[in-house]
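Position one of the sequence shown corresponds to residue 122 (the numbering used here), numbered consecutively onward.
We put the CB at the ideal spot given by N, CA and C, even for glycine.
Written below as structure tokens is the structure these notes are about.
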Amino acid sequence: MKKVIFLLLDGARFDILDELLGSNSLPNLSSIIKSGSYTKAVSVFPSTTGPAYVPFLMGQYPGNVNLPGIRWLDKVNFSKNPFSTNANRSYVGYENKFFNDDIKKSFKTIFNYLPNSVSIFNEITSGLNARNDLTSNSKIFYKLLSHFFGSSLIDKIAFKKLINSFDNKKQFYFCCLYGIDSLSHIQGSDTESIKQLYKSFDNNLGKLRNFLEDKSTYEDTLIIITSDHGHSNTSEHFDLVEYLKSKNKSIFYYPLTFKKLYKKFDSSVMVSGNSMAHIYLNSNFNWSKPFSFSQHEELINDLISQDAVDIISYKNPKGDIIILSSRGKSLISDKESSIYYQPLENDPFDYSISEGLYDENQLLDLTYETNYPDAIIQLLQIFRSKRCGDLVLSANPGWDFRKKFELPLHKSSHGSLRKEHMIVPLILNKKINNIPKIRTVDIYNTMLEFLGIKSLNAIEGKKLDIY
Ligand SMILES: [Zn+2]
122 MKKVIFLLLD
132 GARFDILDEL
142 LGSNSLPNLS
152 SIIKSGSYTK
162 AVSVFPSTTG
172 PAYVPFLMGQ
182 YPGNVNLPGI
192 RWLDKVNFSK
202 NPFSTNANRS
212 YVGYENKFFN
222 DDIKKSFKTI
232 FNYLPNSVSI
242 FNEITSGLNA
252 RNDLTSNSKI
262 FYKLLSHFFG
272 SSLIDKIAFK
282 KLINSFDNKK
292 QFYFCCLYGI
302 DSLSHIQGSD
312 TESIKQLYKS
322 FDNNLGKLRN
332 FLEDKSTYED
342 TLIIITSDHG
352 HSNTSEHFDL
362 VEYLKSKNKS
372 IFYYPLTFKK
382 LYKKFDSSVM
392 VSGNSMAHIY
402 LNSNFNWSKP
412 FSFSQHEELI
422 NDLISQDAVD
432 IISYKNPKGD
442 IIILSSRGKS
452 LISDKESSIY
462 YQPLENDPFD
472 YSISEGLYDE
482 NQLLDLTYET
492 NYPDAIIQLL
502 QIFRSKRCGD
512 LVLSANPGWD
522 FRKKFELPLH
532 KSSHGSLRKE
542 HMIVPLILNK
552 KINNIPKIRT
562 VDIYNTMLEF
572 LGIKSLNAIE
582 GKKLDIY
């Protein structure tokens, strides 16, 4: 029986993995690559844990399933009743329990097809038999331990659970390894102790391979090793909440959400990763009116002049997306069968793309090797979510958007549109024919095909031709 084992090295950097492979420090991974494949893939925006798992488990972009970040505000629900459980969210904390309920139900997860799968330290578990969520009770404890102390215990437990869960009837195993991401935030993402975690992973991978070979199932198993986002070191923190306070804004933000008991707000900041943020704005404290650029023009112009802010995007009244950076301004328009891109003043991404209509693959080709791989498609998809901010911000390298309430203070961040966060490694134990330019959303389709499953809803991404 064919099986897929998905090992998600949360926050693994493509460049560090590549350097360690180059110095022969990852012998088991090298051996898998020899008879398999090694390439890179483009993740999704926001490039952060949770939303960036959606492509792997659902074959969708996070915006399609209404999950535009790890924190969000729903302006419509907030305007009706700020105390509604669907008005605002942070998955960092007790509201994490709403994760599966928040995802649009019209899309299936792979667990809907294979409920007898195994899930380890993963939040998207819709469709899975409850007993197969092997860390449903312990994940909060181990994630907090890892978040605050950088404990690598979480990865040891994950591998142990993976091997113990193995049985011939289970076809899909989704195992998340958080050690690298947690320690990267605490230490910076390129320290010797972080590199040691890549080596420990390699060691565990060797044990897993031996185990599968002993069971004579290695050849029938597709092993996928990838990441949901990269990381880059952060030395400066531009606290968006403090900034908006200095502009006399009344701001709704985590963790001080209890203030809604006695206060009205004219703005909200919801940070993910911490190098991206949604800013929600209103006029005269009324959340039900649509966003208007002209009412906030001064603020937006001031924001784009800040060293921390790289890209700002927003929707104009026609529904087109406007992108601003210190380098220029452009427009994206979704024409359903194609995408119209128009540089208005130079190009905010420094792309050399001329005005015109393009399809998704052309835009991936044209942007793949730039500092902002796939940013046009990624902005289109995030704005599909009704929980998306009026302004979507992406930080400059070295910066993030959260300081006051971030414990421990981040020394490395992710979430932005930059290549350091969007490019992830992809390793399979099978070969890929004519390796194309790959998005992480292509992996889902490839897994379904390998397992002989036909999707019941439209999915994003192409099938990789593996053999
Ligand atoms: Zn992280």
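From the DSSP output, in three-state form, read off Val197 for me. In the sequence shown, counting from the first residue as 1, residue 197 sits at position 76. Val197: helix per DSSP, three-state reduction.
By the three-class DSSP mapping on this structure, what secondary structure does Met179 have? Sequence index remark: in the sequence shown, residue 179 carries index 58 (1-based). Met179 falls in the helix class under three-state DSSP.
Assuming Asn467 and Arg539 make a contact with CB atoms under 8 Å, what is their CB distance in whole Å? Position 346 of the sequence shown holds residue 467. Position 418 of the sequence shown holds residue 539. So it is not a contact: roughly 19 Å between Cβ atoms.
Label Gln416 either buried or exposed according to how many other C-beta atoms from any shown protein chain fall within 10 Å of its C-beta, with 16 as the threshold for buried. For the purposes of this step, residue 416 is taken as the residue at position 295 of the sequence shown. Gln416 should be labelled exposed.
How many Å lie between Ile301 and Asn405 at the Cα? Taking the first residue of the sequence shown as position 1, residue 301 is located at position 180. Taking the first residue of the sequence shown as position 1, residue 405 is located at position 284. Their Cα atoms are separated by approximately 44 Å.
Beta carbon of Gly510: closer than 7 Å to some heavy atom of ligand 1? Position 389 of the sequence shown holds residue 510. Checking the Cβ of Gly510 against ligand 1 gives no.
Under 8 Å: do the stretch 555-573 and the stretch 219-239 share three or more Cβ pairs, one atom per stretch? yes
I want to know whether the stretch 546-564 touches the stretch 206-216 - three or more CB-CB distances under 8 Å. no
Please list, in chain order, all residues of the same chain as Trp408 whose beta carbon is under 6 Å from its beta carbon, the five residues on each side excluded. Locating residue 408 in the sequence shown gives position 287, counting from the first residue. Hits under 6 Å: Lys196, Phe199 and Ser200.
Report the option in Ile574, Asp495 and Ala516 whose CA atom is closest to the CA atom of Val163. Translated into the one-based positions of the sequence shown, residue 163 becomes position 42. Comparing Cα-Cα distances from Val163 to each of Ile574, Asp495 and Ala516, the minimum goes to Asp495.
Is Asp276 near ligand 1, going by C-beta to nearest heavy atom under 7 Å? What you label residue 276 is simply residue 155 of the sequence shown in a count that begins at 1. Result no, Cβ not under 7 Å from ligand 1.
Checking the sheet assignment: what are the DSSP bridge partners for Gly477? In the sequence shown, residue 477 corresponds to position 356, counting from 1. Answer is Tyr462, bridged to Gly477.
Given this structure, state the Cα-to-Cα distance separating Ser158 from Lys328, to the nearest angstrom. Indexing the sequence shown from 1 puts residue 158 at position 37. Indexing the sequence shown from 1 puts residue 328 at position 207. Cα-Cα distance, rounded: 20 Å.
Give me the residue from Phe204, Ser305, Asn253 and Ile307 with the minimum Cα distance to Phe295. Numbered from its first residue, the sequence shown carries residue 295 at position 174. Closest by alpha carbon: Asn253.
Consult DSSP for Phe359 and reduce its assignment to one of helix, strand or coil. One-based indexing of the sequence shown puts residue 359 at position 238. Three-state result, Phe359: coil.
Quick one: what's got a C-beta closer than 8 Å to Phe504's C-beta in the same chain, skipping five residues either side? Translated into positions along the sequence shown, residue 504 becomes position 383. The answer, listed in chain order, is Gly184, Ser434, Lys436, Ile442 and Val513.
With ligand 1 as the reference, list in chain order each residue whose Cβ lies under 6 Å from any of its heavy atoms. Gly132, Thr170, Asp302, His306 and His535
Assess contact between the stretch 541-550 and the stretch 523-531, defined as three or more Cβ pairs (one per stretch) separated by less than 8 Å. Is contact present? no
Looking at the secondary structure, which residues open and close the beta strand (DSSP E) in which Ile433 lies? Counted from its first residue, the sequence shown places residue 433 at position 312. From DSSP, the beta strand (DSSP E) with Ile433 extends over Val430 to Lys436.
Candidates Leu445, Glu581 and Asn221: closest to Ile559 by CA position: For the purposes of this step, residue 559 is taken as residue 438 along the sequence shown, with counting starting at 1. Checked all of Leu445, Glu581 and Asn221; the closest Cα to Ile559 is Glu581.
Strictly by DSSP, which residues pair up with Lys161? Walking along the sequence shown from the start, residue 161 turns up at place 40. DSSP, once it has assigned bridges, lists Pro546 as partnering Lys161.
Contained alpha helix (DSSP H) runs [length at least 4] in the stretch 253-338, N- to C-terminal order: 260-270, 274-286, 300-308 and 313-335
Using the C-alpha atoms, what's the distance from Gln463 back to Gly477? Reading the sequence shown from its first residue, position 356 is the one you call residue 477. Reading the sequence shown from its first residue, position 342 is the one you call residue 463. Those two C-alpha atoms are separated by around 7 Å.
Starting from Met397, follow the beta strand (DSSP E) in both directions and report where the run begins and ends. Position 276 of the sequence shown, counting from 1, holds the residue named residue 397. Here the beta strand (DSSP E) through Met397 covers Met397 to Leu402.
Check each candidate in Leu265, Leu500, Thr256 and His358 and name the one with the smallest Cα separation from Ile278. Taking the sequence shown and counting its residues from 1, one reaches residue 278 at position 157. It is Thr256 whose Cα lies nearest to the Cα of Ile278.
From Pro203 to Thr378, what distance separates their C-alpha atoms? Translated into positions along the sequence shown, residue 203 becomes position 82. Translated into positions along the sequence shown, residue 378 becomes position 257. Distance between the alpha carbons of Pro203 and Thr378: 10 Å.
First through last residue of the alpha helix (DSSP H) which encompasses Lys155: Here residue 155 corresponds to residue number 34 of the sequence shown, with the count starting at 1. Per DSSP, Lys155 belongs to the alpha helix (DSSP H) from Pro148 to Lys155.
Suppose you measure from the CA of Asp431 to the CA of Lys336; what does that come to, to the nearest Å? As a position in the sequence shown, residue 431 is number 310, starting the count at 1. As a position in the sequence shown, residue 336 is number 215, starting the count at 1. Rounded to whole angstroms, Asp431 to Lys336 spans 51 Å at the Cα level.
Given a cut-off of 8 Å on the beta-carbon distance, is the pair Ser393 and Gly190 in contact? To locate residue 393, count along the sequence shown from 1; it is residue 272. To locate residue 190, count along the sequence shown from 1; it is residue 69. Against a cut-off of 8 Å, the Cβ pair of Gly190 and Ser393 comes out as a contact.
Opening and closing residue of the alpha helix (DSSP H) in which Leu500 lies: The residue given as residue 500 occupies position 379 in the sequence shown. Per DSSP, Leu500 belongs to the alpha helix (DSSP H) from Ala496 to Ile503.
Any contact of the stretch 135-153 with the stretch 358-374, i.e. 3+ C-beta pairs under 8 Å? no
Report all residues from its chain with a CB closer than 7 Å to the CB of Leu577; omit the five preceding and five following residues, and keep chain order. As a working note, residue 577 is residue 456 in the sequence shown. So the list reads Lys229, once near-sequence residues are dropped.
Return yes when the Cβ of Gly171 is within less than 8 Å of the Cβ of Glu244, no when it is not. As a working note, residue 244 is residue 123 in the sequence shown. As a working note, residue 171 is residue 50 in the sequence shown. In this structure, Gly171 lies closer than 8 Å to Glu244 by Cβ.
Who are the near neighbours of Thr160 in its chain, counting only those whose CB is closer than 6 Å to its CB and skipping five residues on each side? On the sequence shown, residue 160 is found 39 positions in, with the first residue counted as 1. Counting only Cβ-Cβ distances below 6 Å, and skipping sequence neighbours, we find Leu547 and Ile556.
When the Cα atoms are used, what is the spatial distance from Tyr588 to Thr206? Residue numbering aside, residue 588 sits at position 467 when the sequence shown is read from its first letter. Residue numbering aside, residue 206 sits at position 85 when the sequence shown is read from its first letter. Rounded to whole angstroms, Tyr588 to Thr206 spans 47 Å at the Cα level.
What's the gap between the Cα of Ile479 and the Cα of Ser348? Within the sequence shown, the letter at position 358 stands for residue 479. Within the sequence shown, the letter at position 227 stands for residue 348. First, the amino acid is wrong: residue 479 is Tyr here, not Ile. Going by the C-alpha atoms only, they are around 28 Å apart.
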